[in-house]
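Engineer: The sequence shown begins at 203 in our numbering and counts up one residue at a time. One structure coming up, written as structure tokens, with questions to follow.
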Amino acid sequence: MLVCSTLQAQRSCATDSVHTHMMGLTSYAQAFQAKVNAVNQASENDVANCATPLIIPVAVHFQNTGIPEACAIDMALDQIEILNEDFSATNADISEWYTQQPAIWPDINNAESCIQFCLATSNHPPGFGLEEGDYAVIIDQTTGDFNSSWAGYLNIWVRDIGPLGYSPLGGSGNGDGVACHPQAFSSISCGGNTLYGSFNLGRTITHEVGHYLLLNHPWASGGCSSNDNVADTPVSSEPIYGCPSGQSIVNCNDPVLWPSYMDYCNDACLFMFSAGQITRMENYVTSSLQNLLSNSVTACQNPCNADCGCTDPGACNYDSTATNDDGSCDYSCQGCTDSTACNYDPNATQDDESCVFPPEGLPCDCSLDFPFEILNAGTGVGISETIEATAANAISSLSIEVEYVDVTGGSYAGDLLLGLCDPAGTCIEIGGYNMTYGYTDAGGWPSDWSTGTAGTYSTTVDLSSFGLTGTGNWSIEMTNGWTSTSATASWTGTVTLGDLCPGVNGPDVEGCADATACNYNAATTDDNGSCVYASGCDYCSGATDGSGSVVDGDSDNDGVCDADEVAGCQETAACNYNPNATDAAACEYAADGFDCDGNPIGCPEDINGNGTVEVTDVLLL
203 MLVCSTLQAQ RSCATDSVHT HMMGLTSYAQ AFQAKVNAVN QASENDVANC
253 ATPLIIPVAV HFQNTGIPEA CAIDMALDQI EILNEDFSAT NADISEWYTQ
303 QPAIWPDINN AESCIQFCLA TSNHPPGFGL EEGDYAVIID QTTGDFNSSW
353 AGYLNIWVRD IGPLGYSPLG GSGNGDGVAC HPQAFSSISC GGNTLYGSFN
403 LGRTITHEVG HYLLLNHPWA SGGCSSNDNV ADTPVSSEPI YGCPSGQSIV
453 NCNDPVLWPS YMDYCNDACL FMFSAGQITR MENYVTSSLQ NLLSNSVTAC
503 QNPCNADCGC TDPGACNYDS TATNDDGSCD YSCQGCTDST ACNYDPNATQ
553 DDESCVFPPE GLPCDCSLDF PFEILNAGTG VGISETIEAT AANAISSLSI
603 EVEYVDVTGG SYAGDLLLGL CDPAGTCIEI GGYNMTYGYT DAGGWPSDWS
653 TGTAGTYSTT VDLSSFGLTG TGNWSIEMTN GWTSTSATAS WTGTVTLGDL
703 CPGVNGPDVE GCADATACNY NAATTDDNGS CVYASGCDYC SGATDGSGSV
753 VDGDSDNDGV CDADEVAGCQ ETAACNYNPN ATDAAACEYA ADGFDCDGNP
803 IGCPEDINGN GTVEVTDVLL L
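Below, the structure written as structure tokens:
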């Protein structure tokens, strides 16, 4: 749980102590780790398809607040609108981000989320007096912060809890939810409830829902060695309070992202999620909150009273006589109707253009087995192999079964670092302890691999979201990923790559197969020794289809790379002489009788300094 104080002067949360306490419960710790593992399996670049938004049904429970029902419904609707605006980056104050971002955070982008929230109106749980079409706003019928009758909903418990709010770090949708003090809920004061001055824009719920979707505070457990596991949020050692508009605040290495909804500023100075935060929340929803998404289909329907039916002509049950859509549209009849496709659906009656075909001459279903043996491997010791293979589409999975033996020094089975690259150079890595290949992180091995016990270990990793595909040379590498100078271990087993076919379909392609060469051809099957490389100032043009070339990086052949050239005047007598100049530029000289600062150059015989030599100068001599 994450608890925030009601001090109106500043916001605060007991993140570390409460979460540490909860992690002491075995069932909670296991469930939490499973959620984190599920999110880590998803690509950090994997963005949900907003054509199919992720809709989360919400129920709001007012508990002993004294707020009348009409006011409570208005507050709930207002809070849902705030959530949707904040998550979709359509909030009015997002303009503050676009104004301040270029100067303070030029390398950080915000993002629009595909997550949407609806105040449930349909198919309510029985026993709470709600009719079909009523908003799921419950007055004084629940207590506490859990009610299993409301599983399948993101519950908001509005109650006088002392703190501003709290949430589980990664909700379950099993009847849990987020709690909020009534004086920090929504942006409406009504029914005798007056909002806190600094927390009156509904951002407390945005903050707590972020926790519910597995976002931590930027400083996590505190200090510059702790982080929130989101790559694009700068490390912060502590929260930022108040409203530091326009300020660049550095408490570790980079400016703190204080406008993020997950920091502690006043509501008026929280106005964005980073792209990485959005992706982490979307991945969490799709991996761990499918029960909420499923429930939204019935819970979020607008009530229909007349001429109801499916009004979508593309649906299986389209009703041409209906004028009001009742949410009943069914698309189960859609799919691939081509029997030659890999994803042919014999039950589909409407083709949805989703058919996927293998490359000519290859089957739909194939896999490639890669046996390996890494014996007595110390730090960085392992294998690297190139395989000719073809992926009809993006490869689906990587399965591994390995016999592990800890030889010396206390290595773990999970220290095995595995890298995989497709012919175009798209690479992922899995596992390892404190080493990396620098590839896209596809997650770690299961938690039960974190042991030195000899034995057989196996797992399957979903790779479908990483886009690894192509025909040509695939590379796989494995090594001991623990940087201990004394530890050695052995791994022997087989890696199986799903939807990757051994061999290359079609004629052999001669060319350069070295990805570091300028004329590298990703489709090459036979390296003919034609590779050319850049050296010195030169660099590669960047093509990977064999048409690449070496680009001259010293166009004037003066021994200084073009990127390092400094233009300037090289005449020492000139006023703008630049001793560091490597390329000649225009020189500027002083006018006759004047120096470079525009001062006249005097005569030694002009004793009285009036600019001319005259009799008085002689007399002075």
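Backbone N, C-alpha and C define an ideal beta-carbon position, used for all residues, glycine too. These figures come from a predicted structure and were not determined experimentally.
Measure from the alpha carbon of Q552 to the alpha carbon of each residue in A543, C544, C535, then state which is nearest.
Structural biologist: By one-based count along the sequence shown, residue 552 stands at place 350. Comparing Cα positions, the closest option is C535.
Engineer: With D288 as the anchor, note down where its alpha helix (DSSP H) starts and where it stops.
Structural biologist: Within the sequence shown, residue 288 is the residue found at index 86, counting from 1. Run containing D288: 271 to 290, per the alpha helix (DSSP H) assignment.
Engineer: Could you tell me which of V458, C518, V432, N239 sits nearest to S438, measuring between CA atoms?
Structural biologist: Your numbering for residue 438 matches position 236 in the sequence shown. Among V458, C518, V432, N239, the Cα nearest to that of S438 is on V458.
Engineer: I believe A261 touches W352 by the beta-carbon criterion, under 8 Å. Please report the beta-carbon distance rounded to the nearest angstrom.
Structural biologist: Taking the first residue of the sequence shown as 1, we reach residue 261 at position 59. Taking the first residue of the sequence shown as 1, we reach residue 352 at position 150. Contact holds; Cβ gap of about 5 Å.
Engineer: For S743, count the other beta carbons within 10 Å of its own beta carbon; 16 or more makes it buried, fewer makes it exposed. Which is it?
Structural biologist: If you number the sequence shown from 1, residue 743 lands on position 541. Burial call: exposed.
Engineer: Please report the residue range of the beta strand (DSSP E) in which Q772 lies.
Structural biologist: The residue you call residue 772 lines up with position 570 of the sequence shown. Note, Q772: premise wrong, no beta strand (DSSP E); not H, not E.
Engineer: Mark N247 as exposed unless 16 or more other C-beta atoms lie within 10 angstroms of its C-beta, in which case mark it buried.
Structural biologist: To locate residue 247, count along the sequence shown from 1; it is residue 45. Note on N247: pLDDT 44, under 50, position unreliable in the model; no value is reported.
Engineer: Since I589 and L618 should fall inside the 8 Å C-beta cutoff, what is the C-beta to C-beta distance between them, to a whole number of angstroms?
Structural biologist: Residue numbering aside, residue 589 sits at position 387 when the sequence shown is read from its first letter. Residue numbering aside, residue 618 sits at position 416 when the sequence shown is read from its first letter. Rounded, the Cβ-Cβ distance is 19 Å, inconsistent with contact.
Engineer: Which residues mark the beginning and the end of the beta strand (DSSP E) in which E830 is found?
Structural biologist: Absent from the model: residue 830. The displayed extent of the chain is 203 to 823, so no value can be given.
Engineer: Between N497 and Y355, which are expected to be in contact by the criterion C-beta below 8 Å, what is the C-beta distance as a whole number of angstroms?
Structural biologist: Walking along the sequence shown from the start, residue 497 turns up at place 295. Walking along the sequence shown from the start, residue 355 turns up at place 153. Confirmed, about 7 Å.
Engineer: Since L256 and L321 should fall inside the 8 Å C-beta cutoff, what is the C-beta to C-beta distance between them, to a whole number of angstroms?
Structural biologist: Within the sequence shown, numbered from 1, the residue matching residue 256 stands at position 54. Within the sequence shown, numbered from 1, the residue matching residue 321 stands at position 119. Incorrect: roughly 16 Å between the Cβ atoms, too far for contact.
Engineer: In the DSSP assignment, what are the bridge partners of A381?
Structural biologist: The residue labelled residue 381 in the question sits at position 179 within the sequence shown. Paired residues: W359, Y368.
Engineer: Might you give, ordered along the chain, the residues of its own chain that have their beta carbon closer than 7 Å to the beta carbon of I363, omitting 5 neighbours on each side?
Structural biologist: As a position in the sequence shown, residue 363 is number 161, starting the count at 1. The residues are A381, H383.
Engineer: Residue range of the beta strand (DSSP E) that Y659 falls in?
Structural biologist: Sequence index remark: in the sequence shown, residue 659 carries index 457 (1-based). 657 to 664 is the span of the beta strand (DSSP E), which, as asked, contains Y659.
Engineer: Do you know how far the Cα of S400 is from the Cα of C531?
Structural biologist: Numbered from its first residue, the sequence shown carries residue 531 at position 329. Numbered from its first residue, the sequence shown carries residue 400 at position 198. Computed Cα separation, rounded: 44 Å.
Engineer: What three-state label does DSSP hand D336 in the structure shown?
Structural biologist: For the purposes of this step, residue 336 is identified with residue 134 of the sequence shown, where counting begins at 1. It is coil, neither helix nor strand.
Engineer: What residues in its chain sit with their C-beta under 6 Å from that of V762, if we drop five residues either side in the sequence?
Structural biologist: Position 560 of the sequence shown, counting from 1, holds the residue named residue 762. Only T784 meet the Cβ criterion.
Engineer: In the DSSP assignment, find the unbroken alpha helix (DSSP H) run with T406 in it and report its ends.
Structural biologist: For the purposes of this step, residue 406 is taken as residue 204 along the sequence shown, with counting starting at 1. Element bounds for T406: 405 to 414.
Engineer: Where does the unbroken beta strand (DSSP E) through W693 begin, and where does it stop?
Structural biologist: The count along the sequence shown starts at 1 and reaches residue 693 at position 491. W693 -> beta strand (DSSP E) spans 690 to 700.
Engineer: Please name the residue, chosen from I585, V697, G612, that lies closest to V604 on a Cα-to-Cα basis.
Structural biologist: Walking along the sequence shown from the start, residue 604 turns up at place 402. If we check each option's Cα against that of V604, V697 comes out closest.
Engineer: Looking at S677 and C623, is the spacing between their C-beta atoms short of 7 Å?
Structural biologist: Counting from one through the sequence shown, the residue named residue 623 turns up at place 421. Counting from one through the sequence shown, the residue named residue 677 turns up at place 475. Yes, the Cβ-Cβ distance between C623 and S677 is below 7 Å.
Engineer: For D728, I'd like the list of residues in its chain whose CB is within less than 6 Å of its CB, leaving aside the five on either flank, ordered along the chain.
Structural biologist: Working through the sequence shown from its first residue, we reach residue 728 at position 526. Closer than 6 Å at the Cβ level, and outside the excluded window around D728, lie D710, E712.
Engineer: Hey, I306 and S427: beta-carbon distance below 7 Å or not?
Structural biologist: For the purposes of this step, residue 306 is taken as the residue at position 104 of the sequence shown. For the purposes of this step, residue 427 is taken as the residue at position 225 of the sequence shown. Against a cut-off of 7 Å, the Cβ pair of S427 and I306 comes out as no contact.
Engineer: On the three-state DSSP scale, how would you describe L564?
Structural biologist: Here the question's residue 564 lines up with position 362 in the sequence shown. In the structure shown, L564 sits in coil (DSSP, three-state: anything other than H, G, I, E or B).
Engineer: Are at least three pairs of beta-carbons, each pair with one atom in the region 265 to 276 and one in the region 408 to 416, less than 8 Å apart?
Structural biologist: Not touching, per the Cβ criterion.
Engineer: Find the nearest neighbour of D527 within the set C518, D509, C538, judged by alpha-carbon distance.
Structural biologist: Translated into positions along the sequence shown, residue 527 becomes position 325. Checking every option, the nearest Cα to that of D527 belongs to D509.
Engineer: In this structure, how does DSSP classify T671 when only helix, strand and coil are distinguished?
Structural biologist: Along the sequence shown, read from residue 1 onward, the residue named residue 671 stands at position 469. Note: T671 maps to coil in three-state DSSP.
Engineer: At what residues does the beta strand (DSSP E) containing Q265 begin and finish?
Structural biologist: Residue 265 sits at position 63 when you count from the first residue of the sequence shown. Note, Q265: beta strand (DSSP E), 256 to 265.
Engineer: In the structure shown, what three-state DSSP assignment does V238 receive?
Structural biologist: Counting from one through the sequence shown, the residue named residue 238 turns up at place 36. DSSP places V238 in helix when its eight states are reduced to three.
Engineer: By DSSP's criteria, P704 is part of a beta bridge. Which residues make up the other side?
Structural biologist: Residue 704 sits at position 502 when you count from the first residue of the sequence shown. DSSP output for P704 lists A591 as bridge partner(s).
Engineer: Considering just the uninterrupted stretch of the beta strand (DSSP E) at Q318, what are its terminal residues?
Structural biologist: As a first step, residue 318 is located in the sequence shown; it is residue number 116 there, counting from the start. Taken as a continuous stretch (DSSP letters only), the beta strand (DSSP E) holding Q318 covers 317 to 321.
Engineer: What does the alpha-carbon distance come out to for the pair P304 and N286?
Structural biologist: Walking along the sequence shown from the start, residue 304 turns up at place 102. Walking along the sequence shown from the start, residue 286 turns up at place 84. Spanning the two alpha carbons is a distance of roughly 25 Å.
Engineer: Tell me, please, which residues DSSP counts as bridged to E575.
Structural biologist: The residue you call residue 575 lines up with position 373 of the sequence shown. Paired residue(s): T694.
Engineer: What are the partner residues of I306, as DSSP defines its beta bridges?
Structural biologist: As a working mapping, residue 306 is identified with position 104 in the sequence shown. For I306, which the question treats as bridged, DSSP gives no partner whatsoever.
Engineer: Count the CB pairs spanning the region 478 to 487 and the region 312 to 328 that are closer than 8 Å, and state whether there are at least three.
Structural biologist: Enough Cβ pairs lie closer than 8 Å, so yes.
Engineer: Going by the DSSP bridge assignment, what does N526 pair with across the sheet?
Structural biologist: Walking along the sequence shown from the start, residue 526 turns up at place 324. The partner list for N526 (beta bridge, DSSP) reads C510.
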